[in-house]
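*Asks:*
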Amino acid sequence: MLEMDECVNLYVTPRSGKYRTVDTVVHLDCLAASETVEGVKARIEAEYGIRVARQELWLGDAKMENARTLESYGIQAGVPAFIHLDFEAGDDRITITLNSTCYPRPFTVTTRELERVNYLVQQIVGPIWRVYPRDKINLYFRGRRLDDAGNCIPRLWRYLVFDGAVIDVEYLPAPPNVWPRCRF
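Numbering (my numbering), first residue to last: 4 to 187.
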């Protein structure tokens, strides 16, 4: 185990387009300065359960190469380092799992569709469950609730949901005396 003054504390934030944000989405504690960029991706996958092998990591305006080490980019132990992850590398897909005793069914969207994910959910579950205004759809990622279903949620990007990640959808129908349920 490395001593604290031998550690690199790495913060990974999203890089791309209008989704760029200062919010930290990944914190990797106590990396070795000799760790490769490929090793950093492996740590993200191991600790956060998200595949990032095909994504690009950036330090400023420089794309980081997999085989190079953190120290080769001037990242030093004892100094917090901030790098960025490019969400738009590739056409990555996200699995949406509809958790309902009424009609559980997975489907997929791309990263570019995430801002419309609530609309997509409504389009898919609507013909099956006949979603009504009083109904709720809660979205979860790794057990963490993302936002109210009534909103358009570009904030999903802050949770690093991309490339094989799974979003769980909890469908909460209004009480039966308000709306009829599960019509096919």
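Even for Gly, the Cβ is constructed at its ideal location relative to N, Cα and C. Just so you know, these numbers come straight off a predicted model, no measurement behind them.
(1) Could you give the distance in angstroms between the alpha-carbon of T72 and the alpha-carbon of R57?
(2) Kindly indicate the opening and closing residues of the beta strand (DSSP E) around A84.
(3) Put A45 into one of helix, strand or coil per three-state DSSP.
(4) At a cut-off of 8 Å, would you count A35 as near the ligand GTP, judging by its Cβ distance to the nearest heavy atom?
(5) In three-state terms, what does DSSP make of E173?
(6) Can you list, in chain order, the residues of its chain whose CB lies under 7 Å from that of L62, leaving out five sequence neighbours each side?
(7) Taking the DSSP output, what are the residues bridged to N141?
(8) Do A36 and E59 have their beta-carbon atoms positioned less than 9 Å apart in this structure?
(9) Exposed or buried, which one is A49 when buried takes at least 16 other CB atoms within 10 Å?
(10) Considering only their Cβ atoms, is the gap separating N69 from K44 smaller than 9 Å?
(11) Just mark V15 as buried or exposed, buried being the case when its beta carbon has 16 or more other beta carbons within 10 Å.
(12) What does the alpha-carbon distance come out to for the pair R46 and L31?
*Replies:* For this structure:
(1) For the purposes of this step, residue 72 is identified with residue 69 of the sequence shown, where counting begins at 1. For the purposes of this step, residue 57 is identified with residue 54 of the sequence shown, where counting begins at 1. Looking at the two C-alpha atoms, the distance is approximately 18 Å.
(2) As a working mapping, residue 84 is identified with position 81 in the sequence shown. First-last of the beta strand (DSSP E) with A84: 84-89.
(3) For this step, residue 45 is matched to residue 42 along the sequence shown. Looking at A45 - three-state DSSP - the assignment turns out to be helix.
(4) Among the components modelled here there is no ligand, and therefore nothing to report on the ligand GTP.
(5) Locating residue 173 in the sequence shown gives position 170, counting from the first residue. The answer is strand: DSSP assigns E173 an E or B state.
(6) In the sequence shown, residue 62 corresponds to position 59, counting from 1. Y76, I86.
(7) On the sequence shown, position 138 is the one that residue 141 refers to. Per DSSP, E173.
(8) Locating residue 59 in the sequence shown gives position 56, where the first residue counts as 1. Locating residue 36 in the sequence shown gives position 33, where the first residue counts as 1. Against a cut-off of 9 Å, the Cβ pair of A36 and E59 comes out as no contact.
(9) Taking the sequence shown and counting its residues from 1, the one referred to as residue 49 is at position 46. Flag for A49 reads exposed.
(10) Position 41 of the sequence shown, counting from 1, holds the residue named residue 44. Position 66 of the sequence shown, counting from 1, holds the residue named residue 69. It is a contact, given that the beta carbons lie within the stated cut-off.
(11) As a first step, residue 15 must be located in the sequence shown, where it is residue number 12. When all chains shown are included, V15 counts as buried.
(12) Taking the sequence shown and counting its residues from 1, one reaches residue 46 at position 43. Taking the sequence shown and counting its residues from 1, one reaches residue 31 at position 28. For R46 and L31, the distance between alpha carbons rounds to 8 Å.
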